[in-house]
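Colleague:
Residue numbers (this note's numbering), protein chains in the order written: chain B, 5 to 422; chain W, 5 to 422.
1. Just the C-alpha distance for residue 211 (chain B) and residue 257 (chain B), rounded to the nearest angstrom, thanks.
2. Tell me which residue opens and which closes the alpha helix (DSSP H) that residue 408 (chain B) is part of.
3. Residue 70 (chain B) versus chain W: which residues are under 7 Å apart at the beta carbon?
4. Report the residue from B:191, B:20, B:130 and B:65 whose alpha carbon sits nearest the alpha carbon of residue 213 (chain B).
5. Would you grab the beta carbon distance between residue 274 (chain B) and residue 296 (chain B) for me? Rounded to a whole angstrom, and I think it's under 8 Å.
6. Using alpha carbons as the reference points, say which of B:242, B:217 and B:181 lies closest to residue 160 (chain B).
7. Name, in chain order, the residues that DSSP records as bridge partners for residue 68 (chain W).
8. How should residue 121 (chain W) be labelled, buried or exposed, when 16 other C-beta atoms within 10 angstroms of its C-beta is the threshold for buried?
9. Any beta carbon of chain B sitting closer than 9 Å to that of residue 122 (chain W)?
10. So residue 143 (chain B) packs on residue 235 (chain B), CB below 8 Å; how close in whole Å?
11. By the DSSP assignment, the alpha helix (DSSP H) with residue 227 (chain W) in it spans what residues?
12. Counting only Cβ pairs nearer than 8 Å, list the residues of chain W close to residue 353 (chain B).
13. Can you check which of these residues, W:153, W:416, W:389 and W:148, is closest to residue 29 (chain W) by C-alpha distance?
14. Using a C-beta cutoff of 9 Å, does residue 428 (chain B) count as contacting chain W?
15. Could you please give the first and the last residue of the uninterrupted beta strand (DSSP E) stretch that includes residue 314 (chain B)?
16. By DSSP, does residue 18 (chain B) sit in helix, in strand, or in coil?
17. Starting from residue 204 (chain W), trace the alpha helix (DSSP H) in both directions and tell me its first and last residue.
18. By how many angstroms is the C-alpha of residue 187 (chain B) removed from the C-alpha of residue 181 (chain B)?
19. Is there at least one Cβ from chain B nearer than 9 Å to residue 23 (chain W)'s Cβ?
20. Tell me the DSSP secondary structure of residue 101 (chain W) in three-state form.
21. Of the choices B:332, B:410, B:413 and B:360, whose alpha-carbon is the least far from that of residue 134 (chain W)?
22. Does chain W have any CB closer than 9 Å to the CB of residue 236 (chain B)?
23. Around the C-beta of residue 66 (chain B), are 16 or more other C-beta atoms found within 10 angstroms, so that it is buried, or is it exposed?
24. For the putative contact between residue 329 (chain B) and residue 379 (chain B), defined by C-beta atoms under 8 Å, what is the C-beta separation to the nearest angstrom?
25. Below 6 Å CB to CB, which residues in the same chain sit around residue 150 (chain B) once its five sequence neighbours on both sides are set aside?
26. To the nearest angstrom, how far is the alpha carbon of residue 220 (chain W) from that of residue 248 (chain W)?
27. Examine chain W for any beta-carbon lying closer than 9 Å to the beta-carbon of residue 433 (chain B), and answer yes or no.
28. Please state whether DSSP places residue 282 (chain B) in a helix, a strand or coil.
29. Can you list the residues of chain B that residue 11 (chain W) reaches, using a CB-CB cut of under 7 Å?
30. Have a look at the DSSP bridge pairing and note the partners of residue 48 (chain B).
31. Can you give the Cα-Cα distance for residue 80 (chain B) and residue 231 (chain B), rounded to whole angstroms?
32. Taking Cβ-Cβ distances shorter than 9 Å, what residues in chain B pair up with residue 215 (chain W)?
33. From residue 299 (chain B) to residue 14 (chain B), what distance separates their C-alpha atoms?
34. Going along the chain, which residues of the stretch 381–410 of chain W sit with their C-beta nearer than 8 Å to a C-beta in chain B?
35. Determine the burial state of residue 177 (chain B): buried for a count of at least 16 other Cβ atoms within 10 Å of its Cβ, exposed for fewer.
36. With 16 as the cutoff for other CB atoms within 10 Å, does residue 340 (chain W) come out buried or exposed?
Next up, the structure:
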């Protein structure tokens with residue numbers, strides 16, 4: 005028996021890596037004073053229809069539940085956020101700066117960087133129209149990646165603006181109901197034969213290809229990049245109007261983060277979706293909004309690829325896994341005394357391990373080393389004294405068992421003092 | 005549009021509480037040197053059929069996926085653990101001491117303490133037959149609850165042994181294929197009319213009722229309780245052979261934690277399941293195992309019920325939510341300078357907030373207070389000096405902007421020093 009295709013078992017090593025990714029995501033989001041929230045992993049299928057765009061709906065893990073409801077395992081968070089904000093916005097001061105860490109699902113062909121589930125960080129600013137929000141959000145995206153040890157040599161955030169394209173459509177008298185379709189054509193233009201794109205674009209083909217080749221001029225995009233420059237983040241961004249994003253609900257600035265080597269899919273992506281809460285609220289409440297998502301799968305691959313990031317991750321995992329004290333029971337007559345003190349030490353918050361059953365002393369010390377213990381306490385012939393061994397310095401001392409708790413506190417604060 | 009019935013939206017307050025529960029779960033598990041792992045939330049339905057027992061299978065969120073696979077949103081973790089351990093056990097030293105924090109799903113009637121999803125802590129020891137493992141695991145369950153501020157006056161762990169009952173069945177020549185069914189009858193006996201239970205038990209009714217009334221004698225249970233006594237946990241446990249648990253796979257010790265007032269469902273429950281890995285492994289690998297699970301819903305209700313726990317939770321949430329510094333932009337000409345320093349301060353790991361758009365100074369200070377900032381830095385007429393205000397003491401001082409980063413580090417370590 006195995007896990008379903010596209011689903012992962014997280015054994016301790018993989019789980020530690022995942023938790024380390026979560027910890028960085030959470031820490032940097034909180035540096036930006038974002039507050040955490042979370043939605044349900046199962047939602048009415050309705051929530052994604054029309055809003056997310058056809059690509060996502062085709063890949064839904066959806067079914068009819070035992071109460072005859074059409075439900076779907078969530079493919080993305082933004083529609084849930086718009087639903088929740090539409091229902092609760094009066095309870096909060098605007099702008100909301102919210103982040104969330106959770107799991108998402110898509111039924112699609114497995115390929116590199118794409119499974120059928122992944123974890124995502126979602127960060128959103130709701131209720132602020134000003135470009136300052138766009139700058140803040142892109143800066144957050146950059147800083148989240150920098151927290152993994154990546155530099156401007158490793159990744160770049162490509163920024164675009166759907167309004168740049170919709171302005172062009174308007175100038176060319178393209179009816180508004182065709183805009184979504186044309187944006188999707190431009191989004192796919194890098195992955196499709198030029199003739200196919202040209203055919204779909206019709207009389208727009210020439211101006212679009214010219215812009216994609218030479219780059220476009222946009223005052224808004226220049227301002228956005230300027231704001232990032234002032235924060236010292238200029239080297240992490242590039243204007244690229246070819247970025248459009250696949251989701252249907254984006255209305256303005258859109259962006260994607262890529263590895264510089266071009267080896268992977270987008271590491272993160274997001275944009276403005278100013279009309280989504282209105283679509284999901286009873287009273288058509290309109291709240292400007294911008295957000296991005298970053299998945300753990302491509303990110304994890306990039307961490308493995310870049311030595312600096314890989315080493316930082318490995319170091320964080322090793323240090324996080326360490327226990328404080330291993331209790332070596334050298335004489336079985338002392339097991340009860342040892343267990344009493346194990347309970348007391350754990351009550352003080354220390355991470356303690358010991359062998360549940362009689363084991364050779366050498367094997368107990370070996371386990372202490374493997375688990376990265378700072379101290380070993382040996383319960384044996386020395387009783388009522390306990391031998392304290394500093395596993396880094398190998399220094400040993402004898403401490404009376406009734407003075408042990410205070411001594412251990414001292415030793416663990418000053419590892420060299422034993 | 006709302007969340008599906010039985011599913012929760014976690015707004016910031018609720019999410020903070022959930023995260024606080026996760027943090028306690030994780031912290032105490034790690035004091036016991038348990039290591040974290042996680043399985044998929046979607047599994048083959050097959051994994052739960054027969055193994056978990058009919059109650060769970062009737063309540064599965066199951067469906068046929070687009071690849072014609074019978075799949076289910078997981079109702080519990082133990083079958084996944086047995087599957088994963090059966091596949092990977094050679095990679096790890098025994099015993100494994102593993103914990104996991106994740107979400108689980110059941111399609112059932114909503115009632116107090118039962119939704120259609122909840123989060124669970126699962127802790128398991130795999131590969132150790134000795135009663136020392138049972139004692140360690142029950143102690144961990146007790147210590148997890150103590151970490152929320154609960155005392156022996158608030159909860160009790162009731163411990164039983166399925167072997168106590170199967171021994172009785174054997175003495176009374178009950179064929180082994182009826183044991184599961186009879187255990188379920190005893191499990192339900194407290195919730196069913198006595199006559200109905202008596203009818204199902206047949207000639208066993210008299211001895212079973214006698215034991216349920218007077219309590220049973222069990223050397224194993226006495227030893228287990230004795231082991232907990234030596235750790236100072238005697239007041240948290242009681243032998244209660246009426247505890248049987250609903251799951252089909254338990255083989256030995258079983259236990260459940262209840263609030264003393266008897267107001268809620270079980271807060272946690274677990275037991276030995278020595279045969280489960282053999283059922284899920286190709287080579288019928290048999291590994292003794294014991295584990296427990298604790299859900300966040302009943303636990304959350306008990307936290308609200310007990311003032312000590314409720315206050316501890318509220319304090320943890322408030323302290324966790326605080327930002328370090330609020331940047332007050334008193335003159336818009338200083339916004340760019342402020343943003344440069346905001347970036348530098350965040351790079352150093354501080355939690356910083358500021359107003360994205362021009363805002364009255366009084367409102368900025370109000371936001372600083374509401375977010376629990378330790379310091380406010382004011383960028384205005386004093387430039388190139390910055391006014392540093394300690395929001396606890398109200399003390400103010402002026403610092404040159406180029407000395408600010410070091411000064412802030414000092415201020416945040418010694419909050420009284422401004």
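C-beta atoms are modelled at their ideal positions from N, C-alpha and C, and glycine is treated no differently.
Modeller: Judging by the given coordinates:
1. In the first chain, residue 211 (chain B) corresponds to position 207, counting from 1. In the first chain, residue 257 (chain B) corresponds to position 253, counting from 1. For residue 211 (chain B) and residue 257 (chain B), the distance between alpha carbons rounds to 21 Å.
2. Translated into the one-based positions of the first chain, residue 408 (chain B) becomes position 404. It spans 408–417 - the alpha helix (DSSP H) in which residue 408 (chain B) sits, taken as one unbroken run.
3. Taking the first residue of the first chain as 1, we reach residue 70 (chain B) at position 66. Chain W residues near residue 70 (chain B): 111.
4. In the first chain, residue 213 (chain B) corresponds to position 209, counting from 1. It is B:191 whose Cα lies nearest to the Cα of residue 213 (chain B).
5. For the purposes of this step, residue 274 (chain B) is taken as residue 270 along the first chain, with counting starting at 1. For the purposes of this step, residue 296 (chain B) is taken as residue 292 along the first chain, with counting starting at 1. So it is a contact: roughly 3 Å between Cβ atoms.
6. Position 156 of the first chain, counting from 1, holds the residue named residue 160 (chain B). Checked all of B:242, B:217 and B:181; the closest Cα to residue 160 (chain B) is B:242.
7. Counting from 1 along the second chain, the entry for residue 68 (chain W) is found at position 64. DSSP, once it has assigned bridges, lists W:74 as partnering residue 68 (chain W).
8. Sequence index remark: in the second chain, residue 121 (chain W) carries index 117 (1-based). Buried: at least 16 other Cβ atoms inside 10 Å.
9. On the second chain, residue 122 (chain W) is found 118 positions in, with the first residue counted as 1. No, because no Cβ of chain B sits closer than 9 Å to the Cβ of residue 122 (chain W).
10. Residue 143 (chain B) sits at position 139 when you count from the first residue of the first chain. Residue 235 (chain B) sits at position 231 when you count from the first residue of the first chain. Confirmed, Cβ separation roughly 6 Å.
11. Along the second chain, read from residue 1 onward, the residue named residue 227 (chain W) stands at position 223. Residue 227 (chain W) -> alpha helix (DSSP H) spans 223–234.
12. The count along the first chain starts at 1 and reaches residue 353 (chain B) at position 349. Ordered by position in chain W, the residues that pass the 8 Å Cβ test against residue 353 (chain B) are 31 and 35.
13. Translated into positions along the second chain, residue 29 (chain W) becomes position 25. Nearest of W:153, W:416, W:389 and W:148 to residue 29 (chain W), Cα basis: W:148.
14. The question about residue 428 (chain B) has no answer, for chain B in this structure spans 5 to 422.
15. Taking the first residue of the first chain as position 1, residue 314 (chain B) is located at position 310. From DSSP, residue 314 (chain B) is part of no beta strand (DSSP E) but of the alpha helix (DSSP H) over 311–325.
16. For this step, residue 18 (chain B) is matched to residue 14 along the first chain. In the three-state scheme derived from DSSP, where H, G and I count as helix and E and B as strand, residue 18 (chain B) is classed as helix.
17. As a working note, residue 204 (chain W) is residue 200 in the second chain. Start and end: 198–205.
18. Position 177 of the first chain holds residue 181 (chain B). Position 183 of the first chain holds residue 187 (chain B). If you take the alpha carbons of residue 181 (chain B) and residue 187 (chain B), they lie about 11 Å apart.
19. Counting from one through the second chain, the residue named residue 23 (chain W) turns up at place 19. Yes, residue 23 (chain W) lies at the interface with chain B (some Cβ there is under 9 Å from its Cβ).
20. Counting from 1 along the second chain, the entry for residue 101 (chain W) is found at position 97. It is a strand residue.
21. Sequence index remark: in the second chain, residue 134 (chain W) carries index 130 (1-based). When B:332, B:410, B:413 and B:360 are compared, the shortest CA-CA separation from residue 134 (chain W) is found for B:360.
22. As a working mapping, residue 236 (chain B) is identified with position 232 in the first chain. Chain W, which has a Cβ nearer than 9 Å to the Cβ of residue 236 (chain B), makes this yes.
23. Locating residue 66 (chain B) in the first chain gives position 62, counting from the first residue. Buried: at least 16 other Cβ atoms inside 10 Å.
24. Locating residue 329 (chain B) in the first chain gives position 325, counting from the first residue. Locating residue 379 (chain B) in the first chain gives position 375, counting from the first residue. Right, their Cβ atoms sit about 5 Å apart.
25. Working through the first chain from its first residue, we reach residue 150 (chain B) at position 146. Here the set comprises nothing.
26. To locate residue 220 (chain W), count along the second chain from 1; it is residue 216. To locate residue 248 (chain W), count along the second chain from 1; it is residue 244. Cα-Cα distance, rounded: 13 Å.
27. Since the displayed chain B opens at 5 and closes at 422, residue 433 (chain B) lies outside it and no answer follows.
28. Counting from one through the first chain, the residue named residue 282 (chain B) turns up at place 278. Reduced to three states, the DSSP call for residue 282 (chain B) is helix.
29. As a working mapping, residue 11 (chain W) is identified with position 7 in the second chain. Going along chain B in sequence order, the residues near residue 11 (chain W) (Cβ under 7 Å) are 44 and 46.
30. Here residue 48 (chain B) refers to the residue found at position 44 of the first chain. Per DSSP, B:75.
31. The sequence position of residue 80 (chain B) within the first chain is 76, counting from 1. The sequence position of residue 231 (chain B) within the first chain is 227, counting from 1. Computed Cα separation, rounded: 29 Å.
32. Residue mapping note: residue 215 (chain W) aligns to position 211 of the second chain, counting from 1. Result: empty, since nearest Cβ-Cβ is about 31 Å, beyond 9 Å.
33. In the first chain, counting from the first residue as 1, residue 299 (chain B) sits at position 295. In the first chain, counting from the first residue as 1, residue 14 (chain B) sits at position 10. About 16 Å.
34. none
35. Position 173 of the first chain, counting from 1, holds the residue named residue 177 (chain B). By the neighbour-count rule (16 or more Cβ atoms within 10 Å), residue 177 (chain B) is not buried but exposed.
36. Residue 340 (chain W) sits at position 336 when you count from the first residue of the second chain. Flag for residue 340 (chain W) reads exposed.
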